[in-house]
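Residue numbers (my numbering), protein chains in the order written: chain Z, 598 to 965; chain B, 186 to 753; chain D, -10 to 355.
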Amino acid sequence: MPLIKLMNVTKRFGKITALDHINLSIENGEYLCILGQTGAGKTTLLRIIAGLLEPDEGDVYIEGKRVNKVPPEERNAVYMFQQFALFPHMNVWENVSFGPVIKNWSKDRVKNVTSEVLEMVRLAERKNAFPHELSGGMQQRVALARGIASGAKILLLDEPLGALDARLRVDLRTQLRKLVKDQGLTAVHVTHDQEEALMTADRIVILRSGRIEQVGTPHEIYSKPQSIFVTSFVGGSNFLEGTVVEVNSSGSVVDLRGGLRIKVADTSRNIGERVVVAVRLEDVSIGTMEKLGENNLKGVIESTVFVGGSIEYQIRLKNHAVISSRILFSDTFKDFKPGEAVVISFHPERCYVFPYPRAGLLKEIEAI
Amino acid sequence: MGLRTKSSNVISKLVVWTTLGAFIFFVLFPTFYLISYVFLRWPEVQLEVFENPIIGDENWRQILKVLSFSFRLSLSAVAFDLVFGIPLAYVLARKRFPGRSLLEDIVTLPLVIPTSGFGFATSITWTTVAGIGGWLGLGTGLVTNLNVVIPFLNVPIVLFIVHVALTFPYIVRTIETKFESIDTTFEIASRTLGASSLTTFRNILSPLSIPGIFSGAVLALARSLGETGASLIVSGVSSTASIAIVRWTSEFKLATAAFMGSLLVVIAWAIILPAELYVGRRGRGLRISYQLPISIYRKIMKFERFASRRLSRLKDGLPIVVVVLTVIVPIIVVLNSVIFYWSADPYTGKVQGGVVYQLFGPPNYFSILQQATVTSIIVALTSTYIAMCISIPLSFIIERKWYGEIIRTILKVPLIIPTSSLGLSVLLLWGSSGFNLVSPGIWLIILTHIVFSVPVIVESIIASYEGSNIQMYEESARTLGATAYNAIEAVSLPLIKGGILTGFILSFTRSLGETGATFIVMGRDITVPALVVNMVEALAIPAALFTSTYLIVLSLILLVIIRILTRR
Amino acid sequence: MPEVKLVNVTKRYGEILANDHINLTIKDGEYVSVIGPSGCGKTTLIKSIAGIITPDEGEIYIGGKLVNNIPIEDRSIGYVFQNIALFPHMTVWNNITYGPTVKGMVPEETRALALEMLEMIKLGARSDAYPNELSGGTQQKTAVARALMSRAELLLLDEPLGALDVKVRAELRYELRRIVKDLGLTALHVTHDQEEAMSISDRVIVMKKGRIVEEGAPISLYTQPKNLFTANFVGEANFLTGVIIEMAEEGAVIEVGDGTRLMTTNKDRSVGERVVIAFRPEYATIEKKGGTNTFSGEIEDMLYSGSIVRLRVRLDNGELIVVKKALSLGKPAYSAGDEITVKVSPENLLVYPYPKEGLSKELALE
């Protein structure tokens, strides 16, 4: 039996449908990330699970029990705000022991639980400090400790790393996952950062305008995206427009604008169909030799951008389209300079083929 | 699980309904009774006001005269306030300088000082040799008497000064709060785009703060229209609408008083409502940029640049001079005069003209003052306490329920109604012509003070509620296992403690200093501010001096307490 | 020409030194980023240049002119804010024409320039919209256009992408750089996101506790950081402590943990010195069997992020290191529990003296 189950959950704010018939099951002990852009309905979903909002339609179940009318304090699901919401008039100890005290646990138990949890987040020495005296990372840990001490089995994390510096976020996301797993908790983590989701989650839900676009493990989401939107939102990709000109048992051939032809492994499209071929930046390899593998295209390096740990090249092809490639630094790394003539190549297996979207390609991939 | 939910539901429903009931009974009825009284007893009103068998429509002509006078006075005072108040609010909101909080306190002072005492101090300052006239060596007051008027406006100058002083804090503090709520990055952005600070103020800060400027002006206007205590002392031969209500009530011309009270309320609302609706829509600035020829526009810009650099001292300095002249000087004069008049009248040398004689001698004002102090404190404590009991739950209802905004809007009414109208309304409602439950005296005073205390406290609680992100903390507490009631007790109440205390003190001081309504409902009991008026009318000047000083010192102490409480 | 020069700029807030004798030159046409953890003084620095903050000491020159006493509005700079700060009561059009208008520019000229700017940010169709009707990314593009409308040649960007979604951020940064380079502007960009700084700028300045700790081109800062803090702040790195046991011809030989010896190319240190070795996780290769410059250990777990996998390897001496690998064709080649050998070539090992206050203090991010 899933721990949390949402059935046909719908929520409207005035004319806007924030959530549109959401169906989702979350297993006990799972670390689930809800990934989406601003306004996709992520926070609404989380607040409905917490009981801070009531759905207009549909049902929410926790441990098999329908909880639509159950107030938040009886759901055993603690909500963690992006700004942490540590009670400013209480010190660290009082904050962390808030749940146990309010639940009327015995004095000894309150004391034991609180000190144990504070020990766990390495903040025992700061127990008398007030929230404003702590750094952002420490506040985040206190908020986590407070949630865990309250005995909650479910952590609802609303952009838990959003208020922190970029570099710190990278360190803390793995710690966050470890803590949840070590404590045997279930976490629902809302974020707009795809890398954060890929690194922390057991399973990712991609939300777009109130609907679920795809659900899967990070690996599935990344390597088997089911739509142009997901391909574009998770990881960087090139999108090439073309028409299918040939389909055989080993794959298809797509004619790109300007007469370039590429092979793809996908055979699900028909001849003459207008398609979009997506190729991940890191699947595009660059060489100077005539032939690298399959799908060899000639081009010229137009620009290079260094993105901490890897380099992105923009290559202008003969048909004037620009393809980007990302190469991870390594021992065998070879640099290319702008203006250099190169050959790029990508494997047919690594091409995702989608029918050309009705609303236009830009609508599906633009983020701004 | 289910049982706990149900019982807490019942309790919370009970609390909500009790609170709403108390709100309707103690605040809503008294506020709106006056107007309904006029409707219910229209034949009586018509007979007395328009078709009096003896004097015809003389009462109606009187009403028109005092109304026109009152609006002339109030609107001009508010205009003057705006001119000097906006620059002062800007300085207080945006600049950090030594003495800033002292300046803030001084500006707030007239809110705390009982108006009759303050009015008396002002009249001494401007019209007697003990005041500015004497300091300048004139041998008379700077203004020869209370009836000297300002040309064109035809408003007595001392009355005007008092009204400016008493309404100034409303303008300055409201606009200051609004300015503070506007992110400074808008102004910095404008500066980096090449606008001088005055240009920035005109284009960015002022359009964004129109609602604040407007509500400050409304509060000031209402306060001025309803001002009674000080006006009774300094109005001389003129009569404002509020004074007229007090006078007519004491002459038992109840219908006339009620009719004018209603008119005052209706006209005040007729001015406020359309403007409120206009401001309520999104405040989008006017585009004047291209409506002017570029050459003139450049000249404006050049002047603003010049003014931003060279005239800023003047802009900062003048409002401070206004504050000093209207607030500080009267207080100093009155304190000084008490010492002067202590044992005998310094000019005639008569012992009967000394403070000591009047207080402890045959007039025995001291025992009356003692009695009045006890009455005042009982009234202030009781009415504030009852108002607190209504206001705290009411604030939470306003923040949570869909009808909260409606209640909040209704609560603005008692703040804007002139207090003398309010007093009359309460008298008519509870007194012999209404429910006939309470007769004039201390209990009726308390009932009156509750009406305006509730909105004062609620506003102050809501300000602190909305300023501290309470909803997020409460939701946090709920998901940590606290019930709605626990969350309020453990998280919300401690976080809005400052707002509750401020509300308490504001309501207490307001009750302590209120004169207009009190005068109408006090019967044989008397409060200290009303006593000052009586003393002045009995020409017991030294006793009035002492009592005013006493009130001012008392309110200074209260102000210090507010400071200490709100500092953290 | 807007060359910016700071000489000994110092700003104190009570006891705290927000800027401690900052010396800095930004060349005409250069795109410079300042990075550092919260509270390192980077915001104070950019605000001092804009004139929003007055430094306690030191001089600021813009285009060779001392500007310490020149008010904000006369410094002719474009400033972009983290909270965007578009005037909420004005439309897009009124926002972007605000600068020229208050400067008294001829209306026709303003109009032409505004149309050009709207074209540049591809927002021509929405010039009547109010800011709250636009997405965050579009708002920030409008704010950039507004800043450039006053023909400023110096653009100061104060965490310009901080309030936006990650995906939007990544797209907008290329657009920002394109605009700055196309118009030949000089830009100073403050951010806490090291990846953003790396990918957008010609030069990156790293600040810590009010001081500049290091500056350089993005790649050299990443591959050859001169100090430990930078090595950690600009990207992921592994840190091992050790002692120099020999100075060979090629460089120092360092012993770490239980006798593992590593060759380095560092020649600045001496035998017996306690040092910290750093290397980037992507520079470590996985070998079949032992050899020179190798460690052996067991894969504790594997963290995937799209095409990249991070292997967390527990070395035989108990320390934990991370190895970053690209996934070929999406298939992981190892699994948790595998015994592997990790090799790092001498030229990829960075050597630093052991910090006086301890390693973790030196690396602290807050």
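Yeah, the Cβ is synthetic: ideal placement off N, Cα and C, and Gly gets one too.
Small disclaimer: the values here were computed from a predicted structure and weren't measured.
Chain D within 8 angstroms of residue i, Cβ atoms only
{"i": "Gln634/Z", "result": "yes"}
{"i": "Leu894/Z", "result": "no"}
{"i": "Ser474/B", "result": "With a pLDDT of 46 at Ser474/B, under the threshold of 50, the modelled position of this residue cannot be trusted, and the question is left open."}
{"i": "Gly468/B", "result": "Reliability of the predicted coordinates at Gly468/B is poor, the pLDDT of 48 falling under 50, and no value is obtained from them."}
{"i": "Met573/B", "result": "no"}
{"i": "Leu378/B", "result": "yes"}
{"i": "Ile271/B", "result": "no"}
Proximity to residue i [Cα-Cα], best of the options
{"i": "Leu406/B", "options": "Ile240/B, Ala443/B, Glu436/B and Val450/B", "result": "Val450/B"}
{"i": "Pro354/B", "options": "Gly284/B, Val263/B, Glu590/B and Ala306/B", "result": "Val263/B"}
{"i": "Leu137/D", "options": "Asp191/D, Pro96/D, Ala220/D and Ile85/D", "result": "Ile85/D"}
{"i": "Val507/B", "options": "Arg663/B, Ala380/B and Pro272/B", "result": "Pro272/B"}
{"i": "Ser605/B", "options": "Asn521/B, Ser435/B and Ser528/B", "result": "Ser435/B"}
{"i": "Asn255/D", "options": "Leu339/D, Glu289/D, Tyr2/D and Arg162/D", "result": "Leu339/D"}
{"i": "Ile553/B", "options": "Val276/B, Ala315/B, Phe345/B and Leu716/B", "result": "Leu716/B"}
{"i": "Gly270/B", "options": "Thr352/B, Glu644/B, Val195/B and Thr312/B", "result": "Thr352/B"}
{"i": "Val693/Z", "options": "Glu730/Z, Gly855/Z, Glu716/Z and Ala746/Z", "result": "Ala746/Z"}
{"i": "Leu304/D", "options": "Thr249/D, Tyr293/D and Pro335/D", "result": "Thr249/D"}
CB of residue i within 8 angstroms of CB of residue j, strictly
{"i": "Ser116/D", "j": "Val81/D", "result": "yes"}
{"i": "Ile505/B", "j": "Val718/B", "result": "no"}
{"i": "Thr300/B", "j": "Glu412/B", "result": "yes"}
{"i": "Val264/D", "j": "Ile234/D", "result": "no"}
Contact with chain B by residue i, beta-carbon distance below 8 angstroms
{"i": "Leu958/Z", "result": "no"}
{"i": "Gly696/Z", "result": "yes"}
{"i": "Phe727/Z", "result": "no"}
{"i": "Gly88/D", "result": "yes"}
{"i": "Glu62/D", "result": "yes"}
Beta-carbon neighbours of residue i, restricted to chain Z and to distances below 8 angstroms
{"i": "Leu292/D", "result": "Thr771 and Met796"}
{"i": "Leu686/B", "result": "Residues of chain Z passing the Cβ test: none, with the nearest at roughly 14 angstroms."}
{"i": "Arg269/D", "result": "Gly906 and Phe926"}
Minimum Cβ-Cβ distance from residue i to chain Z less than 8 angstroms
{"i": "Val676/B", "result": "yes"}
{"i": "Leu680/B", "result": "yes"}
{"i": "Ala315/D", "result": "yes"}
{"i": "Met187/D", "result": "yes"}
{"i": "Leu471/B", "result": "Residue placement at Leu471/B cannot be trusted, given a pLDDT of 45 that sits under 50; what the coordinates show is reported in the next sentence. Not one chain Z Cβ lies under 8 angstroms of Leu471/B."}
{"i": "Gly125/D", "result": "yes"}
Under 9 angstroms from the C-beta of residue i: neighbouring residues of chain D
{"i": "Gln791/Z", "result": "Val155, Lys156, Ser294 and Gly295"}
{"i": "Leu393/B", "result": "Phe76, Pro77 and His78"}
{"i": "Tyr482/B", "result": "Thr90 and Gly93"}
{"i": "Asp863/Z", "result": "What Asp863/Z touches in chain D: nothing, since even the nearest Cβ is about 15 angstroms away."}
Partners in chain D for residue i, counting only beta-carbon separations shorter than 7 angstroms
{"i": "Gly733/Z", "result": "Ser27 and Glu355"}
Partners in chain B for residue i, counting only beta-carbon separations shorter than 8 angstroms
{"i": "His178/D", "result": "Here the premise fails: no neighbours, minimum Cβ distance about 15 angstroms."}
Within chain B, partners of residue i - CB distance below 7 angstroms
{"i": "His686/Z", "result": "Pro679 and Leu680"}
Under 8 angstroms by beta carbon: chain D residues contacting residue i
{"i": "Asp768/Z", "result": "Leu354"}
{"i": "Gly832/Z", "result": "Gly295 and Ser296"}
{"i": "Asp368/B", "result": "Asn72 and Ala74"}
Amino acids of chain Z, ordered along the chain, whose beta-carbon sits closer than 7 angstroms to that of residue i
{"i": "Asp182/D", "result": "Ala763"}
Neighbour list for residue i in chain B, Cβ cutoff strictly below 9 angstroms
{"i": "Ser747/Z", "result": "Thr664, Leu665 and Gly666"}
Members of the segment 656 to 672 of chain B near chain Z, C-beta cut-off 9 angstroms:
Met657, Tyr658, Glu660, Ser661, Ala662, Arg663, Thr664, Leu665, Gly666, Ala667, Thr668, Ala669, Asn671 and Ala672
Interface residues of the segment 193 to 227 of chain D facing chain Z [CB-CB below 9 angstroms]
So the list reads Ala206, Pro207, Ile208, Tyr211, Thr212, Asn221, Phe222, Val223, Gly224 and Glu225, given in the order they occur along the chain.
May I ask you to list, following chain order, the residues of the segment 33 to 44 of chain D that have a beta carbon less than 7 angstroms from some beta carbon of chain B?
Ala39 and Ile41
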